[in-house]
Amino acid sequence: MKHQSSTLAVPDISAVPRHVAIIMDGNGRWATKRFLPRVAGHAKGVDAVRAIVEACAVRGVEFLTLFAFSSENWRRPADEVSVLMRLFMTVLEREVGKMSLNGIRLKIVGDMSRFDPKLQEMALRAEAQTADNHRLTLTVCANYGGRWDVMQAVSRMVKDNPGAHDFSEGQLAPYLAMAYAPEPDLFIRTGGEQRISNFLLWQLAYSELYFTDTFWPDFDAEALDLAIASYQQRERRFGRTSAQVLDKKKAS
Ligand code: IPE
Ligand code: IPE
Ligand code: MG
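Numbering (the working numbering), first residue to last: 8 to 259.
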């Protein structure tokens, strides 16, 4: 199915968001509050990932996208970065078999070229191993940046169209890193900050935004339900008036 762009057409919407995108923030503060090293928060965050993937699948969410490591996170102390890298590898090694059994299709999106070749290979293998699953598509954004995404898409589009000077949004869409998914319906950021931090800049154009103070390791199915309930209260107008939205609802 071809996915619509929310700025070009009004997408179909459903009570359960089809696509949920999450900035999993607050691991470090969760740990610091408990007098633990920051990396203990990252390890605990993996448990939350496991729970939320399953909770989303059970609720009928089709696409779940998690921001695991931003293009700016290289600025962190080297030992924290290397612990995070090792954690990715362990998770890939341990969880992919389970994902397969649970019908999870895994996608890893971002500039992987900066990662250890072994990690790159594991990521490709995990994607291949889960490629035929249909219950939920889990995208992990690693060394991802929204600006990187737009730029890599533009570069590839221009390369494929030598001599062309005018391009449309529709032409760019297939080159974006997450062209296989509809745009996120619901964006969640845990950990109290209210910013996008260079996550999916293009794709969040018309997403509903939800911020919670809960630290990521504490974000559970109940917290997810609060976010979905908040989403269900929103009126998604996509530029139209409230009266138009209501008329359309009555007619359908
Ligand atoms: C998010 O938690 C995880 C990553 C960025 C990898 P943080 O590590 O940013 O936690 P805080 O924001 O310092 O609490
Ligand atoms: C955003 O969190 C990136 C991830 C969750 C992977 P950060 O904690 O790095 O964001 P900033 O730098 O505080 O905005
Ligand atoms: Mg943070």
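All residues carry an ideal CB built from backbone N, CA and C; glycine is no exception.
By the C-beta density criterion, H172 is exposed, having fewer than 16 other C-beta atoms within 10 angstroms. D220 and Q201 have their alpha carbons spaced roughly 10 Å apart.
In the DSSP annotation of this structure, R66 is not part of any beta strand (DSSP E); the continuous alpha helix (DSSP H) holding it starts and ends at R45 to R66.
Here R142 is actually not in contact with N168; their C-beta atoms are around 37 Å apart, not less than 8 Å. S21 has its alpha-carbon roughly 40 Å from the corresponding atom of K125.
DSSP places T221 in the coil class of the three-state scheme, outside both helix and strand.
For the pair of segments examined, the stretch 239 to 255 was found not to touch the stretch 50 to 70: the number of CB pairs separated by less than 8 Å stays below three. Counting along the chain, no alpha helix (DSSP H) covers A149; the unbroken beta strand (DSSP E) around it starts and ends at L143 to Y151. At a cut-off of 6 Å, the beta-carbon of F222 does not count as near ligand 2: no heavy atom of the ligand is closer than that. Partner residues in the beta bridge of I115, as assigned by DSSP, are V147. Under the three-state reduction of DSSP, F122 is assigned to coil, being neither helix nor strand. Inter-residue distance for S77 and A149 is about 6 Å (C-alpha atoms, whole angstroms). Within the same chain, Cβ atoms closer than 8 Å to the Cβ of V252 are found at E242, R243 and R244, the five residues on either side in sequence being excluded. Residue pairing for E215: DSSP places it in a beta bridge opposite L193. For Q159, the closest C-alpha among the options S175, G177 and Y182 is that of Y182.
Checking the 6 Å criterion, the Cβ of D225 is out of range of every heavy atom belonging to ligand 2.
In this structure, the straight-line span from the alpha carbon of G199 to that of F122 is close to 29 Å. Under DSSP, the beta-bridge partners assigned to V27 are L71 and L193.
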